[in-house]
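The next block holds one structure in the form of structure tokens; read it before the comments.
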Ligand code: TAP
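Residue numbers (the working numbering): 16 to 511.
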């Protein structure tokens with residue numbers, strides 16, 4: 016058969032029909048792909064139950080302010096019930112299980128998260144406002160990875176702590192924030208269960224949907240009733256939980272203000288506590304760094320998840336000789352960022368999480384300008400409804416300005432310059448926080464020197480926001496104490 020007679024020939028000779036105005040195909044993730052209940056109950060003792068007070072509140076989509084579903088407000092009685100369920104399960108079942116059996120349950124949860132990852136990603140984006148690209152490629156896979164990782168440790172604790180007898184603590188009260196809802200739940204629940212503890216978890220009031228889907232998965236995975244309990248509601252629910260006398264361990268991630276109040280409440284008790292709090296991280300960018308790569312890393316470091324990131328690189332310290340070039344390149348790159356509909360797969364910066372957080376960011380934008388810094392924002396269009404903030408860069412910032420001292424938790428970068436390494440270190444460490452830092456240089460010896468001198472729990476070199484379940488994460492100073500992730504994350508849930 017000659018090619019001239021074949022279909023291949025015919026197709027090859029057809030004129031191209033690609034219309035440059037065609038829209039790109041829709042994302043697989045859409046609002047229609049998830050089934051939202053009209054309202055949700057609490058997850059206690061393996062079952063979804065109404066709250067005893069029968070009070071509910073709306074959770075909304077911050078990208079359009081539309082109501083998504085109604086969430087139950089737990090009462091003190093519900094907290095009591097959940098802690099009791101966790102205690103019963105701890106004493107009668109979970110702590111007595113063969114460790115390898117605990118591991119099997121955790122593997123099951125990890126696989127179910129993977130199976131339902133699209134649902135999880137859409138819910139996370141709808142409820143929290145983060146771009147679907149981030150929920151799909153970072154939050155959800157990392158959450159599954161944490162369960163896989165800690166599943167592997169469940170029957171190897173004696174190897175993790177040789178010559179010791181590691182024992183679980185009992186009932187863990189866990190309270191998490193709204194910026195990485197499923198991921199924070201995984202960071203907390205996976206190591207606790209792997210070590211033989213049971214859990215009562217309170218998600219943030221504005222982002223409970225993925226925690227409730229996780230509860231469904233826990234049911235599906237057939238965990239013993241009471242091993243994991245999830246209580247929704249506002250701050251006072253978290254307070255009642257961490258102060259409950261039936262709790263043996265408190266793990267909190269959130270603001271430094273609330274972290275301090277928890278520490279005060281636990282001061283006279285022998286309960287174990289870990290606090291993962293705020294941050295004000297610095298990038299240190301040296302003249303010898305690969306500038307384009309560094310600019311990309313700085314953009315990722317601050318604008319990822321709208322800057323709602325505890326370890327966000329919200330300060331840039333750049334060597335004076337390259338500062339003009341770096342700032343120019345930063346502005347160019349910021350101009351290419353797409354702000355808008357979080358469910359659009361091309362979106363770089365999604366919605367600000369809530370009106371309250373939007374107000375906070377506006378106050379900092381005003382404060383930066385009032386203090387004399389120069390503000391730059393690209394002229395990108397913003398949607399009409401919902402909460403939005405353009406990526407922002409401040410130059411001419413001084414060390415005492417609020418925007419260089421306080422955690423903004425928004426897409427706002429404060430730029431300062433330095434001339435010597437000592438000056439860079441001094442400025443980077445001049446903060447009450449100490450969660451993370453980024454170093455941009457081609458000199459390996461400088462990286463090692465800075466890693467030893469920067470007071471930060473995590474230091475990335477020529478990269479930023481790299482997370483792995485095997486690597487510990489936590490802070491110094493007002494960024495809290497204790498580590499999550501890796502082997503260190505196990506020790507927070509054990510006595511040995
Ligand atoms: P917070 O206001 O502190 O809230 C965190 C959690 O605590 C929420 O579930 C909250 O409930 C609850 N809560 C409020 N008052 C409480 C009390 N008195 N006792 C016990 N629980 C209470 O923080 P946020 O605004 O959600 O999150 C942002 C903060 O979290 C930032 O500072 C950020 O840096 C920090 N963060 C740190 C890390 C790490 S790993 N260090 C990771 C993520 C976030 P409601 O939501 O109902 O108020």
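Virtual Cβ for every residue (Gly too), placed ideally from N, Cα, C.
(request) Determine the burial state of residue 223: buried for a count of at least 16 other Cβ atoms within 10 Å of its Cβ, exposed for fewer. (result) Residue numbering aside, residue 223 sits at position 208 when the chain shown is read from its first letter. Taking a 10 Å sphere around the C-beta of residue 223, we find 16 or more other C-beta atoms and assign the residue as buried.
(request) Quick one: grab the DSSP three-state call for residue 23. (result) Within the chain shown, residue 23 is the residue found at index 8, counting from 1. Annotation note: pLDDT 37 at residue 23 (below 50); position unreliable, coordinate value reported separately. Here residue 23 carries a helix assignment [DSSP, helix/strand/coil].
(message) Rounded to the nearest angstrom, what separates residue 80 and residue 225 at their Cα positions?
(response) Looking up residue 80 in the chain shown gives position 65. Looking up residue 225 in the chain shown gives position 210. So the alpha carbons of these two residues sit roughly 18 Å apart.
(request) Let me know the alpha helix (DSSP H) ranges lying completely inside the stretch 292-340, each 4 residues or longer, listed in chain order. (result) Segments of the alpha helix (DSSP H) lying fully in the stretch 292-340: 306-318.
(message) Any heavy atom of the ligand TAP inside 7 Å of the beta-carbon of residue 190?
(response) Taking the chain shown and counting its residues from 1, one reaches residue 190 at position 175. Yes, the ligand TAP has a heavy atom inside 7 Å of this Cβ.
(message) Under 8 Å, with one C-beta from each stretch per pair, do the stretch 97-105 and the stretch 115-132 reach the 3-pair mark?
(response) no
(request) Pick out the complete alpha helix (DSSP H) segments inside the stretch 415-439, 4 residues or longer, and give them in chain order. (result) Listed in chain order, they are 417-420.
(request) Pick out whichever of 155, 125, 444 has its Cα sitting closest to the Cα of residue 295. (result) Here residue 295 refers to the residue found at position 280 of the chain shown. Nearest C-alpha to residue 295: 444.
(request) Give me the Cα-Cα distance between residue 146 and residue 155, rounded to the nearest whole angstrom. (result) Your numbering for residue 146 matches position 131 in the chain shown. Your numbering for residue 155 matches position 140 in the chain shown. If you take the alpha carbons of residue 146 and residue 155, they lie about 13 Å apart.
(message) Tell me which residues share the same chain as residue 182 and place their Cβ nearer than 8 Å to its Cβ, disregarding the 5 neighbours each side in the sequence.
(response) Within the chain shown, residue 182 is the residue found at index 167, counting from 1. Same-chain partners within the cutoff: 211, 509, 510, 511.
(message) DSSP three-state label for residue 290, please.
(response) Residue 290 sits at position 275 when you count from the first residue of the chain shown. Residue state, collapsed to three classes: strand.
(message) On the CB-based measure, 16 or more other CB atoms within 10 Å of its CB, does residue 164 come out buried or exposed?
(response) Numbered from 1 along the chain shown, position 149 holds the residue referred to as residue 164. The residue is buried, with at least 16 neighbouring Cβ atoms inside 10 Å.
(message) Just verifying my parser: in three-state terms, what is the DSSP assignment at residue 505?
(response) Position 490 of the chain shown, counted from the start, is the residue given in the question as residue 505. DSSP places residue 505 in helix when its eight states are reduced to three.
(message) Please state whether the Cβ-Cβ distance between residue 316 and residue 327 is less than 8 Å.
(response) Here residue 316 is taken as the residue at index 301 of the chain shown, counted from 1. Here residue 327 is taken as the residue at index 312 of the chain shown, counted from 1. Contact: yes.
(message) Rounded to whole angstroms, what is the Cα-Cα separation between residue 271 and residue 289?
(response) The residue given as residue 271 occupies position 256 in the chain shown. The residue given as residue 289 occupies position 274 in the chain shown. Each residue's Cα considered, the two are about 12 Å apart.
(request) Quick one: which unbroken alpha helix (DSSP H) runs of 4-plus residues sit fully inside the stretch 75-163? Chain order, please. (result) Fully enclosed alpha helix (DSSP H) runs of 4 or longer: 91-107, 114-130, 132-143.
(message) When you compare the stretch 476-494 with the stretch 330-344, are there three or more beta-carbon pairs, one atom per stretch, that lie closer than 8 Å?
(response) no
(request) Sort 188, 329, 436 by Cα distance to residue 480 and report the nearest one. (result) The sequence position of residue 480 within the chain shown is 465, counting from 1. It is 329 whose Cα lies nearest to the Cα of residue 480.
(message) Please report the distance separating the alpha-carbon of residue 500 from that of residue 202.
(response) In the chain shown, counting from the first residue as 1, residue 500 sits at position 485. In the chain shown, counting from the first residue as 1, residue 202 sits at position 187. Roughly 7 Å separates the two Cα atoms.
(message) Only counting the same chain, and skipping five residues up and downstream in sequence, which positions put a Cβ closer than 6 Å to that of residue 476?
(response) Translated into positions along the chain shown, residue 476 becomes position 461. Once the five neighbours on either side are set aside, the close Cβ partners of residue 476 are 454, 462.
(message) Can you give me the C-alpha to C-alpha distance between residue 227 and residue 436, rounded to a whole angstrom?
(response) Translated into the one-based positions of the chain shown, residue 227 becomes position 212. Translated into the one-based positions of the chain shown, residue 436 becomes position 421. Rounded to the nearest angstrom, the two C-alpha atoms are 48 Å apart.
(request) Consult DSSP for residue 18 and reduce its assignment to one of helix, strand or coil. (result) In the chain shown, the residue the question calls residue 18 occupies position 3. Caution is warranted here: a pLDDT of 36 is assigned to residue 18, below 50, making its placement in the model unreliable, and no coordinate value can be reported.
(message) For the stretch 367-376 against the stretch 87-99, do three or more pairs of beta-carbon atoms, one drawn from each stretch, fall closer than 8 Å, so that the two count as touching?
(response) The stretch 367-376 is not in contact with the stretch 87-99.
(request) Could you check the C-alpha separation between residue 440 and residue 394 for me, to the nearest Å? (result) Along the chain shown, read from residue 1 onward, the residue named residue 440 stands at position 425. Along the chain shown, read from residue 1 onward, the residue named residue 394 stands at position 379. In a straight line, the C-alpha of residue 440 is about 34 Å away from that of residue 394.
(message) In the DSSP output, which residue or residues are listed as bridge partners for residue 451?
(response) What you label residue 451 is simply residue 436 of the chain shown in a count that begins at 1. In the DSSP output, where bridge partners are listed per residue, residue 451 has 473.
(request) Pick out whichever of 200, 298, 190 has its Cα sitting closest to the Cα of residue 259. (result) Taking the first residue of the chain shown as position 1, residue 259 is located at position 244. The shortest C-alpha separation from residue 259 is found at 190.
(message) Out of 403, 399, 173, 362, which one is the CA nearest neighbour of residue 150?
(response) As a first step, residue 150 must be located in the chain shown, where it is residue number 135. It is 362.
(message) If I follow the unbroken beta strand (DSSP E) through residue 364, where does it start and stop?
(response) Translated into the one-based positions of the chain shown, residue 364 becomes position 349. Per DSSP, residue 364 belongs to no beta strand (DSSP E) and is neither H nor E.
(request) Check the DSSP bridge columns for residue 64 and list the partner residues they point to. (result) Taking the first residue of the chain shown as position 1, residue 64 is located at position 49. Note: residue 64 sits in a beta bridge opposite 57.
(message) Tell me which residues share the same chain as residue 53 and place their Cβ nearer than 8 Å to its Cβ, disregarding the 5 neighbours each side in the sequence.
(response) Against the chain shown, residue 53 aligns to sequence position 38. If we look at residue 53 and ignore the five residues flanking it on each side, its Cβ neighbours are 84, 85.
(request) Would you check whether the ligand TAP has a heavy atom nearer than 7 Å to the C-beta of residue 288? (result) In the chain shown, the residue the question calls residue 288 occupies position 273. Answer for residue 288: no, Cβ out of range of the ligand TAP.
(message) Excluding the 5 residues flanking residue 349 on each side, which residues of the same chain have their C-beta closer than 6 Å to its C-beta?
(response) For this step, residue 349 is matched to residue 334 along the chain shown. Same-chain partners within the cutoff: 393, 406.
(message) Determine whether the beta carbon atoms of residue 357 and residue 489 lie at a separation below 8 Å.
(response) The count along the chain shown starts at 1 and reaches residue 357 at position 342. The count along the chain shown starts at 1 and reaches residue 489 at position 474. Result no, Cβ atoms of residue 357 and residue 489 do not sit closer than 8 Å.
(request) Within the same chain, show all residues whose beta-carbon is closer than 6 Å to that of residue 238, passing over the 5 residues directly before and after it, in chain order. (result) Your numbering for residue 238 matches position 223 in the chain shown. Contacts found: 120.
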